[in-house]
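Protein chains in written order, with the working numbering: chain A, 746 to 907; chain B, 746 to 907. In this text, a Cβ means the ideal position worked out from N, Cα and C, and glycines have one as well. These notes are about the structure you will find just below.
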Ligand SMILES: C[C@@H](O)[C@H](N)C(=O)O
Ligand SMILES: C[C@@H](O)[C@H](N)C(=O)O
């Protein structure tokens, strides 16, 4: 069973914004991100799950912390105005990612990441994936603990003196 | 404003599984994916959003359609047994992705994707992102329409005869 993880990346410069109860109809995602793009606000992760009731769903995205006030202002003037929609945010998060090349045993890599974090009592707030990366958002206080635990779990610890 | 999108990818061989009301505490994601990894079930997208009530959250992942029965069986014997948890699934989805290299104007690329799909009346069910890719799940019937519309939007249409 080949280890295919090449690295652990992390970023503390993350703030999460969640729009609750977005109408789940065509055009809404565009209403969220169009104005953000027009204001050149850099967005990192975007996560939206399946609607539970075919009517509303939640959407979370992250920005650098310095961009949080600007992003919230843009939302308040646009999608944040949609009826029933609530905007929540927090800068108290960090993004931690497992990077692998050609992760054929992808689910094994993801499952090990989730298990390792849980063994340290670290709650996973958001999960998003691509073929080469599994990324999570966790509370910022746990960043160093998470990164160290993952380095050890995937055998990426550096030898002494390196 | 530089176009940095290099391609549109799509896969109809996708089935989505959503676990509703997972307890949002450490160890739960591991309980979902550990058994799937043990049964060598290939997982593609994994999407989890922030809990709305600090107690429960939903998690969606996709598998190839042939793996759907096996995945559902594994879940029914594991995380699907957690109190209050509901497992929903559908094979009527397709994954469509925009691929870019060094997407500096990332939010612009994502916003254009969402706008293009909405103009064709295509609802976006799931969104997940990485630095080089924005992926969505849509109803499978709309796959070809979505891919053609995105090719046109990003100027990727092939010249006649190619
Ligand atoms: C919620 C949002 O993604 C909506 N479903 C849309 O297509 O724009
Ligand atoms: C829901 C699940 O991701 C949970 N928060 C965990 O850490 O495992």
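For residue 896 of chain B, the enclosing alpha helix (DSSP H) covers residues 888-898.
Secondary structure at residue 834 of chain A: strand, using DSSP grouped into helix, strand and coil.
Distances taken from the Cβ of residue 791 of chain B to the heavy atoms of ligand 1 include none shorter than 6 Å. Between the alpha carbons of residue 815 of chain A and residue 789 of chain A lies a gap of roughly 15 Å. Using beta-carbon distances, residue 809 of chain B does not count as an interface residue toward chain A, since no partner is under 7 Å. Contact with chain A is found for residue 763 of chain B, since one of that chain's Cβ atoms lies less than 7 Å from the residue's Cβ.
The beta carbon of residue 868 of chain B sits closer than 6 Å to at least one heavy atom of ligand 1. The three-state secondary structure of residue 810 of chain A, taken from DSSP, is helix.
Under the 7 Å criterion on CB atoms, residue 869 of chain B is classed as interfacial with respect to chain A. For the stretch 873-890 of chain B, residues whose beta-carbon sits nearer than 9 Å to a beta-carbon of chain A comprise 873, 874, 875, 876, 877, 878, 879, 880, 881, 882. When the five nearest sequence neighbours on each side are left out, the beta carbons in the same chain lying within less than 8 Å of the beta carbon of residue 763 of chain A are those of 803, 804, 805, 832, 833, 834, in order along the chain. In this chain, the alpha helix (DSSP H) harbouring residue 776 of chain A covers 773-783.
Residue pairing for residue 793 of chain B: DSSP places it in a beta bridge opposite A/872, B/804.
The contact set of residue 900 of chain B on chain A, defined by CB atoms closer than 7 Å, is empty, because the minimum CB distance reaches about 17 Å.
Set against 6 Å, the gap from the CB of residue 767 of chain B to the closest heavy atom of ligand 2 is smaller. Close CB contacts of residue 825 of chain A within its chain, under the 6 Å cut and outside five residues either way in sequence, are with 832 (chain order). Fewer than three Cβ pairs drawn from the stretch 869-877 of chain B and the stretch 888-896 of chain B lie within less than 8 Å of each other, which leaves the two stretches out of contact.
DSSP places residue 752 of chain A within a strand segment (E or B) once states are collapsed to three. For residue 771 of chain A, the Cβ stays outside the 6 Å cut-off from all heavy atoms of ligand 2.
Set against 6 Å, the gap from the CB of residue 802 of chain A to the closest heavy atom of ligand 1 is smaller.
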